[in-house]
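Novice: Here it is, the structure in full.
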Amino acid sequence: MSRDGKKLVGFIIGRENEMPDTVMGILNERHDDIQAEMVKIGGTFLDEPVPYDVIVDRMSHEIPYFRTYVKYAALKGCYIINDPFVWAIDTKFMAGTITEHLNVLTPRTVVLPNKDVGTETVPDSFRNLAYPMDWQAIIDYIGGPAIFKDVRSGGRRFSHRVNSVEELIQRYDESGTRTMVLQQVVESNHQYHCIVIGREKTLLMPYSLDTGRYFVEATKLEGKAAQHMVDIAIQIANIYGYEINMTEFVLKGDDVYLINATNPSPIINHELMTEDQFNWICQEIAGLIVRRIKEPIPMKLPVALSVP
């Protein structure tokens, strides 16, 4: 899998430019034996070769065809960042269940039945569903305020703050076919996001709820709380096998709450972060890609390709 003697790295992206362009620039300018470019696909034949050694996938959680392609590429021997098979089953509710084993505080969370389904159904299709739902009991368990959000991991799809049964039902009626979770809001002005690259390199960034970006000032959290966040973020990256992941925390007093365990496609740009933060992440992603090319590790496939 090479072109003109060069190892090929492909990027699958949406509208973002800054991070992919920067990482591709680093790879192409500093490594004569590597060619980094955007993946171009449009209808994939079953016997079609995959030219890429590594694909950095930033968009398959939004475009189902891309998800199908990166799974195909993985089965053909391409290394995908991040693992599409794991990402395909990753949800915020599953992450909450997993993180119960990590000795970390998590917000109270409820996963809800879909408002609508995208398949043909009859009344008997829902015989397993208790109905009507006890909305007041759900709100009483979660407390207020709460966040009503898409269960899928990656990005911030359809996320709304609710404070009452009436607001919850209104947002639920708008949710369509999405599977939604309702999560307790842990009130605090101290929020931290930890980026993990290559399952070991970490950057803990303080996030400003007022500006919606990471602090420009050299704000640092030190001591046991900071190390606890970093340790948890590394554990989660290794549990999932994610090469790029962002974990979100809230610090309330001395207590660390894990509010979002996984985001395999976090936003990486200058609008959100400082120059130093952006450059560190891009350099580490480029270094990760080079390591996976020069010292490849096998992907853990969900099927056995050889039967004894």
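My numbering applies: residue 988 is where the sequence shown begins, and numbers increase by one.
Note that the Cβ used here is the ideal one computed from N, Cα and C, for glycine as well.
#1: Any heavy atom of the ligand NAD inside 7 Å of the beta-carbon of V1026?
#2: Roughly how many whole angstroms lie between the Cα atoms of V1168 and I1021?
#3: I1076 to P1110, Cα distance in whole Å?
#4: Beta carbon of T1249, beta carbon of I1223: below 8 Å?
#5: Cα-Cα, which of H1180, M1216, G1185 and A1212 is closest to Y1201?
#6: Is it buried or exposed, V1123, if we count other Cβ atoms within 10 angstroms and call 16 or more buried?
#7: I think I1246 touches V1237, with their Cβ atoms under 8 Å apart; what is that distance to the nearest whole Å?
#8: So if DSSP puts S1195 in a beta bridge, which residue, or which two residues, is it bridged to?
#9: Just mark P1138 as buried or exposed, buried being the case when its beta carbon has 16 or more other beta carbons within 10 Å.
#10: Can you tell me whether DSSP reads K1079 as helix, strand or coil?
#11: Is the CB-CB distance between V1091 and V1243 below 8 Å?
#12: Can you tell me whether E1230 is buried or exposed, with buried defined as 16 or more other CB within 10 angstroms of its CB?
#13: At 4 residues or longer, and completely inside the region 1080-1146: list those alpha helix (DSSP H) runs for me, N to C.
#14: On the premise that V1057 lies in contact with D1044, defined as a C-beta separation below 8 Å, what is that separation, rounded to the nearest angstrom?
#15: Roughly how many angstroms separate the alpha carbons of F1053 and V1098, rounded to a whole number?
#16: Does the separation of the CB atoms of N942 and T1009 fall below 8 Å?
#17: So P1093 and G1105 are in contact, right, with Cβ under 8 Å, and what is the actual spacing, rounded?
#18: Under the three-state reduction of DSSP, which class applies to Y1066: helix, strand or coil?
#19: Specify the secondary structure class of A1220 as computed by DSSP and reduced to three states.
#20: In chain order, what residues of the same chain have a beta carbon less than 8 Å from the beta carbon of M1239, not counting five sequence neighbours either side?
#21: Taking C-alpha atoms, which residue in K1027, G1131, K1211 and G992 lies nearest to E1154?
#22: So what does M1046 bridge to, in DSSP terms?
#23: Under three-state DSSP, which class holds A1205?
#24: In this structure, does DSSP put H1177 in helix, strand or coil?
#25: For the region 1239-1286, list the alpha helix (DSSP H) runs that are entirely contained and at least 4 residues long, ordered along the chain.
#26: Buried or exposed: F998, going by 16 or more other Cβ atoms within 10 Å of its Cβ?
#27: Hey, out of L1191, E1107, N1150 and I1125, whose CA is closest to T1164's CA?
Specialist: In this structure, then:
#1: This structure simply doesn't include the ligand NAD, nor any ligand for that matter.
#2: As a working note, residue 1168 is residue 181 in the sequence shown. As a working note, residue 1021 is residue 34 in the sequence shown. Distance between the alpha carbons of V1168 and I1021: 42 Å.
#3: Locating residue 1076 in the sequence shown gives position 89, counting from the first residue. Locating residue 1110 in the sequence shown gives position 123, counting from the first residue. So the two alpha carbons sit approximately 28 Å from each other.
#4: Translated into positions along the sequence shown, residue 1249 becomes position 262. Translated into positions along the sequence shown, residue 1223 becomes position 236. For T1249 and I1223, yes; Cβs fall inside 8 Å.
#5: The residue given as residue 1201 occupies position 214 in the sequence shown. Selected option, being the one with the closest Cα: H1180.
#6: For the purposes of this step, residue 1123 is taken as the residue at position 136 of the sequence shown. The displayed chain sequence assigns Gln, not Val, to residue 1123. Burial call: exposed.
#7: The residue you call residue 1246 lines up with position 259 of the sequence shown. The residue you call residue 1237 lines up with position 250 of the sequence shown. Between I1246 and V1237, the beta carbon gap of about 5 Å places them in contact (Cβ cut-off 8 Å).
#8: One-based indexing of the sequence shown puts residue 1195 at position 208. Bridge partners of S1195: R1200.
#9: The residue given as residue 1138 occupies position 151 in the sequence shown. Looking at the sequence shown, residue 1138 is not Pro but Val. Answer is buried; the Cβ neighbour count reaches 16.
#10: As a first step, residue 1079 is located in the sequence shown; it is residue number 92 there, counting from the start. Correct three-state label for K1079: helix.
#11: Stepping through the sequence shown from its first residue, residue 1091 is reached at position 104. Stepping through the sequence shown from its first residue, residue 1243 is reached at position 256. Their beta carbons are under 8 Å apart, which means V1091 touches V1243 by this criterion.
#12: As a position in the sequence shown, residue 1230 is number 243, starting the count at 1. Buried, by the Cβ-count rule.
#13: For the region 1080-1146, whole alpha helix (DSSP H) runs of length 4 or above, ordered along the chain, are 1122-1129.
#14: Numbered from 1 along the sequence shown, position 57 holds the residue referred to as residue 1044. Numbered from 1 along the sequence shown, position 70 holds the residue referred to as residue 1057. With a Cβ gap of about 5 Å, D1044 and V1057 count as contacting.
#15: Taking the sequence shown and counting its residues from 1, one reaches residue 1053 at position 66. Taking the sequence shown and counting its residues from 1, one reaches residue 1098 at position 111. Going by the C-alpha atoms only, they are around 27 Å apart.
#16: Missing from the structure shown is residue 942; the chain here goes from 988 to 1295 and no further.
#17: Taking the sequence shown and counting its residues from 1, the one referred to as residue 1093 is at position 106. Taking the sequence shown and counting its residues from 1, the one referred to as residue 1105 is at position 118. Note that residue 1093 corresponds to Thr in the displayed sequence, not to Pro. Between T1093 and G1105, the beta carbon gap of about 30 Å keeps them out of contact (Cβ cut-off 8 Å).
#18: For the purposes of this step, residue 1066 is taken as the residue at position 79 of the sequence shown. Secondary structure at Y1066: strand, using DSSP grouped into helix, strand and coil.
#19: Here residue 1220 refers to the residue found at position 233 when the sequence shown is read from its first residue. When DSSP states are grouped into helix, strand and coil, A1220 belongs to the helix group.
#20: Taking the sequence shown and counting its residues from 1, one reaches residue 1239 at position 252. According to the sequence shown, residue 1239 is Lys rather than Met. Hits under 8 Å: V1173, E1174, S1175 and H1177.
#21: Position 167 of the sequence shown, counting from 1, holds the residue named residue 1154. Selection K1027, G1131, K1211 and G992 evaluated against E1154 yields G1131 as nearest (Cα-Cα).
#22: Within the sequence shown, numbered from 1, the residue matching residue 1046 stands at position 59. The partner list for M1046 (beta bridge, DSSP) is empty, contrary to what the question assumes.
#23: Along the sequence shown, one-based indexing puts residue 1205 at 218. Because the pLDDT at A1205 is just 49, under 50, the model does not fix this residue reliably, and the point stays unresolved.
#24: On the sequence shown, position 190 is the one that residue 1177 refers to. Per DSSP, reduced to three states, the secondary structure at H1177 is coil, with no helix or strand assignment.
#25: The region 1239-1286 contains these whole alpha helix (DSSP H) runs: 1262-1281.
#26: Taking the first residue of the sequence shown as 1, we reach residue 998 at position 11. Taking all protein chains in view, the Cβ of F998 is crowded by 16 or more other Cβ atoms within 10 Å, so the residue is classified as buried.
#27: Residue mapping note: residue 1164 aligns to position 177 of the sequence shown, counting from 1. Answer by Cα proximity: E1107.
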